[in-house]
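What follows is a set of notes on a single structure, which appears directly below.
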Amino acid sequence: MSNEEKLLVVSPSPHVRSAATVTRIMFDVIVACVPSLIAAVILFGYRVLAITAVSVGTCMLAEWVCRKVMKRHNTLGDLSAVVTGLLIAFNVPVSIKLWMVAFAGIVAIVVVKQFFGGIGMNFVNPALIGRIVLLASFPTAMSNWVQPLSWRTDVVTTASPLAEIGNLYKAGDVSKSAIYSIDNMPSLLDMLLGKRSGSLGEVCALALLIGLAYLLIRKVIKPTIPFFYIGTVAVIMLIAGKFNFVFLAYELMAGGLLLGAIFMATDYTTSPVNFRGQIVYAIGCGLITALIRLFGSLPEGVSFAIIIMNILTPHIENFTSPKPFGSEKKKKGADEK
Amino acid sequence: MSSKKPAGVLSAVTKVRGGVAVSHNKNTANMAVERMPAPEKVVIAMQQHIGAPCVPVVKVGDTVAVGQLLGDSDKFVSAPIHSSISGTVKAIKDLKLPNGVITKGIEIESDGEMRLYEGIEKPDVHDRESFVKAVRDSGLVGLGGAGFPTHVKLNVPADKHIDTLIVNAAECEPYITVDSRECIENTENILAGVSVVKKYLDIKNVVIAIEDNKPAAFEAFINVKGYDLLGDSDIKLMMLESRYPQGAEKMMVQSATGRKVPPGKLPADVGCIVMNVASVAFIARYLETGKPLISRSVTVDGSAINTPKNVRVAIGTNIGDVIDYCGGLKESSYKILMGGPMMGLAMLDTSLPILKQNNAILAFEKNPALIKKERDCIRCGRCEQVCPMGLMPTLIARYGKIKDADRLNKIGVNVCMECGSCAYTCPAGKPLVQYMRLAKTVVREAKSK
Numbered sequence: 014m015s016n017e018e019k020l021l022v023v024s025p026s027p028h029v030r031s032a033a034t035v036t037r038i039m040f041d042v043i044v045a046c047v048p049s050l051i052a053a054v055i056l057f058g059y060r061v062l063a064i065t066a067v068s069v070g071t072c073m074l075a076e077w078v079c080r081k082v083m084k085r086h087n088t089l090g091d092l093s094a095v096v097t098g099l100l101i102a103f104n105v106p107v108s109i110k111l112w113m114v115a116f117a118g119i120v121a122i123v124v125v126k127q128f129f130g131g132i133g134m135n136f137v138n139p140a141l142i143g144r145i146v147l148l149a150s151f152p153t154a155m156s157n158w159v160q161p162l163s164w165r166t167d168v169v170t171t172a173s174p175l176a177e178i179g180n181l182y183k184a185g186d187v188s189k190s191a192i193y194s195i196d197n198m199p200s201l202l203d204m205l206l207g208k209r210s211g212s213l214g215e216v217c218a219l220a221l222l223i224g225l226a227y228l229l230i231r232k233v234i235k236p237t238i239p240f241f242y243i244g245t246v247a248v249i250m251l252i253a254g255k256f257n258f259v260f261l262a263y264e265l266m267a268g269g270l271l272l273g274a275i276f277m278a279t280d281y282t283t284s285p286v287n288f289r290g291q292i293v294y295a296i297g298c299g300l301i302t303a304l305i306r307l308f309g310s311l312p313e314g315v316s317f318a319i320i321i322m323n324i325l326t327p328h329i330e331n332f333t334s335p336k337p338f339g340s341e342k343k344k345k346g347a348d349e350k
Numbered sequence: 018m019s020s021k022k023p024a025g026v027l028s029a030v031t032k033v034r035g036g037v038a039v040s041h042n043k044n045t046a047n048m049a050v051e052r053m054p055a056p057e058k059v060v061i062a063m064q065q066h067i068g069a070p071c072v073p074v075v076k077v078g079d080t081v082a083v084g085q086l087l088g089d090s091d092k093f094v095s096a097p098i099h100s101s102i103s104g105t106v107k108a109i110k111d112l113k114l115p116n117g118v119i120t121k122g123i124e125i126e127s128d129g130e131m132r133l134y135e136g137i138e139k140p141d142v143h144d145r146e147s148f149v150k151a152v153r154d155s156g157l158v159g160l161g162g163a164g165f166p167t168h169v170k171l172n173v174p175a176d177k178h179i180d181t182l183i184v185n186a187a188e189c190e191p192y193i194t195v196d197s198r199e200c201i202e203n204t205e206n207i208l209a210g211v212s213v214v215k216k217y218l219d220i221k222n223v224v225i226a227i228e229d230n231k232p233a234a235f236e237a238f239i240n241v242k243g244y245d246l247l248g249d250s251d252i253k254l255m256m257l258e259s260r261y262p263q264g265a266e267k268m269m270v271q272s273a274t275g276r277k278v279p280p281g282k283l284p285a286d287v288g289c290i291v292m293n294v295a296s297v298a299f300i301a302r303y304l305e306t307g308k309p310l311i312s313r314s315v316t317v318d319g320s321a322i323n324t325p326k327n328v329r330v331a332i333g334t335n336i337g338d339v340i341d342y343c344g345g346l347k348e349s350s351y352k353i354l355m356g357g358p359m360m361g362l363a364m365l366d367t368s369l370p371i372l373k374q375n376n377a378i379l380a381f382e383k384n385p386a387l388i389k390k391e392r393d394c395i396r397c398g399r400c401e402q403v404c405p406m407g408l409m410p411t412l413i414a415r416y417g418k419i420k421d422a423d424r425l426n427k428i429g430v431n432v433c434m435e436c437g438s439c440a441y442t443c444p445a446g447k448p449l450v451q452y453m454r455l456a457k458t459v460v461r462e463a464k465s466k
């Protein structure tokens, strides 16, 4: 019995663990962002990389300093600060000043994330607050849209397709001919490929959908939130546009709907964890987005819609949480034994 | 791995909630159970079941024979304990079981004769009462791992009508294969046991439920002579999805009947009895021979075991001896478990004896992939999605930390069966099962105040 002296490890069950780690999940989100980042560089030039570097760098630095000052363990390794940085970069126009990006990063990490306890504790999406703070502080800089692919020659500023479409709706005519009669209106194919003005990460619908596919395949997110979010917007826009599918297609691809529905609304920390709650949350996001777009004075409603639903998440969870096994209310006619 | 469902085999009535897809690792599935020679010494614990511990009825110096009563209790929820070898009682001393319980252990030195106790005779069973008494006398406890005294389970109160007997051969824990070996090697015993339970408890339907990764077990039941389980029979086979924790009692009831056992209730409250397949087979053998529960099959496997085996060992055999019989431990052994990797208990050393409910001894080398540093919860919700009991593990952990017993009760902490699905899946590496246990103690302490 030589093995009796041997020291063994004793720990609570289970003794096997799945391969999923926080770092791996965040890394997958970063990978899913890469197609959109590449698209942005092609469309808007190398300045995209500078913006991204400043954004990610500021977020990581802010995270590190915060944890140090608060005497808490270092959380840079979980890569969540990198994700926040990437998403802030995705939410600004290419013409933005770099210090503004850094400002957004600091607000997102310090105020929204670390003040509330760090990863998993923030009640709203840090990157979205970063964007909203910029929008409120520097409205002109945040809507200084640049024509894609113009960086090789002369930078040309332009209006955003979403604003144009919104103006048409408010004027009461969203017919096909009215949409196509707008100057410089990108075609639907251009919208898909991203040859339109907008924030860095939102323009290329195709790249965003590739990112979505990757997240779904890697099981980082479930299709629930993107499906119900985009679906709700689609249904409302279909009715609002009197079943004009061209209007619908522009509404879905313009603005930040796809970026928001795929990368922002699906943030674990600020969305409900259970299936029923996610449906309520996603429909709420869709509803608010559509209402702001159709009736609000702002052209875009995705950020505000998600933030409002983030705040409502604990309440949604309160009434959608699963009941302990066997204590559910009996359905009518259920087996009564 | 999963096999095609033969016609006539039922599928689950209701799909159970959550669960995790653990790797099966049924490495020993094709290894017939080997009988390990009787050891020179056994230590027989006086607590090998859920319920009251037994009090020794022998004293140091006594000579005992195989099958002789060593300990019993006058409490209802308890099961008598018998000697697994013949020889002399050398000592009665404290024994610390891996779950922390301290009980008496009766040490018996073998005389090498394996002399059968003369009091052993075929039990006289003619009605429900005498049947339940015989099961009690046999010392049988649930052999699937929980160790609940079987006679308690079979002693259904008169106001409850049982219409379904569920024979649990799901064996959803990775590595363990003794139940599927039981299906293959003792098919007739199982069916004979099913018949007597059915007869004396007046149960109409029997469902033998097996996960779909055990085609050989299905084959054994389909080919057994004298029964037609695919045709017009009260005994049916059911193929379950191989998904942990399919074999848990409440999951089995739901899969087999679609009924849900309410919190704090037993399967009998919804008209079901769930019995482990090896327990059923044992009943048949006991009624034939009168030989009590003194040995059991154990899967010995894991990366640190030299030659994995399924072995039939005398209860009370030193675990180290069992491992030595299976080629011994590798130098690199890191963790040794009593039971499966999802719910098994880690042991300090190999000095403990085999218990009645002990279905596996697993020894593992250090695997860095399985060690996760605990990080902050990111509210990904995986724990809640996989919880078969519909609980919110992170919320329970949080309320446990602040010792809020009222809220813990409200969100159903005691429904948790500690299956470990939440901790398995947690990307932040949280020891959630441990948090559940701590939360349960908060509730217990609040109640006792």
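In the order they appear, the protein sequences are chains Z and S. Just so you know, we're using our numbering here: the first sequence kicks off at 14 and counts up by one. Just so you know, we're using our numbering here: the second sequence kicks off at 18 and counts up by one. From the three backbone atoms N, C-alpha and C, an ideal C-beta is built for every residue, glycine too.
Classify Lys350 of chain Z as buried or exposed, calling it buried when 16 or more other Cβ atoms lie within 10 Å of its own Cβ. Residue placement at Lys350 of chain Z is poorly supported in this model, since its pLDDT is 36, which falls under 50; the coordinates still yield a value, given next. Burial state of Lys350 of chain Z is exposed, judged by a 10 Å Cβ sphere holding fewer than 16 other Cβ atoms.
Under a CB-based cut-off of 7 angstroms, is Pro370 of chain S close to chain Z? no
Along the chain, where does the beta strand (DSSP E) that runs through Ile234 of chain Z open and close? Unbroken run through Ile234 of chain Z: none, as it is neither H nor E.
Along chain S, in chain order, which residues have C-beta atoms closer than 8 angstroms to that of Leu21 of chain Z? Neighbours of Leu21 of chain Z on chain S, chain order: Ser350, Tyr351, Lys352, Ile353, Ala363, Met364, Leu365 and Asp366.
So Thr282 of chain Z contacts chain S; which residues on that side make the cut at Cβ distance below 7 angstroms? Ile395 and Arg396
So is Ala386 of chain S buried or exposed if we call it buried at 16+ other beta carbons inside 10 Å? exposed
Which whole-angstrom value describes the C-beta separation of Ser100 of chain S and Ser312 of chain S, a residue pair presumed to lie in contact below a C-beta threshold of 8 angstroms? That pair is no contact at about 11 angstroms.
Pick helix, strand or coil for Lys231 of chain S, following the three-state DSSP scheme. coil
Let me know the secondary structure DSSP gives Met18 of chain S once reduced to three states. Model confidence at Met18 of chain S stands at a pLDDT of 46, short of 50, so the residue's coordinates are unreliable; what they give is reported in the following sentence. Looking at Met18 of chain S - three-state DSSP - the assignment turns out to be coil, as it is neither helix nor strand.
Between which two residues does the alpha helix (DSSP H) harbouring Ile290 of chain S extend? Counting along the chain, Ile290 of chain S falls outside any alpha helix (DSSP H), though it belongs to the beta strand (DSSP E) covering Cys289 to Asn293.
Closer than 8 angstroms is the cut-off here; do at least three beta carbon pairs connect the stretch 409 to 426 of chain S with the stretch 453 to 463 of chain S? yes
Among S:Lys466, S:Thr334 and S:Tyr416, nearest to Ala55 of chain S - alpha-carbon criterion: S:Thr334
Validate contact between the stretch 188 to 208 of chain S and the stretch 288 to 306 of chain S using beta carbons, cut 8 angstroms, 3 pairs: Yes, since at least three Cβ pairs between the stretch 188 to 208 of chain S and the stretch 288 to 306 of chain S fall closer than 8 angstroms, the two stretches touch.
What does Tyr416 of chain S touch in chain Z if you count any residue whose Cβ is under 8 angstroms from its own? Chain Z residues near Tyr416 of chain S: none, gap ~13 angstroms exceeds 8 angstroms.
Taking the C-alpha atoms as reference points, what is the distance between Lys189 of chain Z and His86 of chain Z? 57 angstroms
Please go through the same chain and pick out, in chain order, the residues whose beta-carbon is closer than 8 angstroms to the beta-carbon of Cys343 of chain S, but skip the five residues on each side of it. Val317, Ile322, Asn323, Thr324, Pro325, Lys326 and Val328
Return the chain-ordered list of same chain residues with a C-beta closer than 7 angstroms to the C-beta of Met409 of chain S, the five sequence neighbours on each side being excluded. Glu401 and Ile428
Between which residues of its own chain and Ala414 of chain S is the CB-CB distance below 6 angstroms, once the five residues before and five after are set aside? Excluding sequence neighbours, Ala414 of chain S sits near Tyr452.
With 7 angstroms set as the bound, which would you pick, yes or no: does the beta-carbon of Arg354 of chain Z sit closer than that to a beta-carbon of chain S? One cannot answer for residue 354 of chain Z here, as it falls past the ends of chain Z, which runs 14 to 350.
What residues in the stretch 68 to 97 of chain Z bring their beta carbon closer than 8 angstroms to a beta carbon of chain S? Thr88, Asp91 and Ser93
Give me the residue from S:Val432, S:Glu266, S:Met364 and S:Asp393 with the minimum Cα distance to Pro337 of chain Z. S:Val432
With a floor of 3 residues, list each beta strand (DSSP E) that falls wholly inside the stretch 292 to 379 of chain S, ordered by position along the chain. Correct list: 312 to 318, 326 to 331 and 350 to 355.
Taking contact to mean 3 or more Cβ pairs, one atom from each stretch, closer than 8 angstroms, check whether the stretch 376 to 396 of chain S and the stretch 352 to 364 of chain S are in contact. Contact annotation: the stretch 376 to 396 of chain S touches the stretch 352 to 364 of chain S, with at least three C-beta pairs closer than 8 angstroms.
Taking the continuous alpha helix (DSSP H) assigned at Met255 of chain S, which residues delimit it? Segment Ile252 to Leu257 is the beta strand (DSSP E) holding Met255 of chain S; no alpha helix (DSSP H) there.
Going by the CB atoms, is the gap between Leu205 of chain Z and Leu221 of chain Z shorter than 7 angstroms? no
Determine, for Thr279 of chain Z, whether the minimum Cβ-Cβ distance to residues of chain S falls below 7 angstroms. no
Are the CB atoms of Asp144 of chain S and Ser103 of chain S nearer to each other than 7 angstroms? no
Chain Z beta carbons: is any one of them nearer than 7 angstroms to that of Val278 of chain S? Output row for Val278 of chain S: interface = yes.
Can you name the residues of chain Z whose CB is closer than 8 angstroms to the CB of Glu451 of chain S? For the record, residue 451 of chain S in the displayed sequence is Gln; it is not Glu. Near Gln451 of chain S (Cβ distances below 8 angstroms), the residues of chain Z are Pro25.
Does Tyr134 of chain S come out as helix, strand or coil in the three-state DSSP assignment? Here Tyr134 of chain S sits in coil by DSSP.
Please decide whether Ala12 of chain Z counts as near chain S, where near means a Cβ-Cβ distance under 7 angstroms. Here chain Z has residues from 14 to 350 only, and residue 12 of chain Z is not among them.
I'd like the span of the beta strand (DSSP E) that includes Ile178 of chain Z, first residue to last. Run containing Ile178 of chain Z: none in the beta strand (DSSP E); it sits in the alpha helix (DSSP H), Pro174 to Ala184.
7 angstroms is my cut-off, CB to CB: does Val286 of chain Z come that close to chain S? yes
Could you name the residues of chain Z that Arg392 of chain S contacts, counting a contact when the two beta carbons are closer than 7 angstroms? Val35 and Asp91
Measuring only the C-alpha atoms, how far is Gly88 of chain S from Cys71 of chain S? 5 angstroms
Please classify Ala456 of chain S as buried or exposed, where buried requires at least 16 neighbouring CB atoms within 10 angstroms. buried
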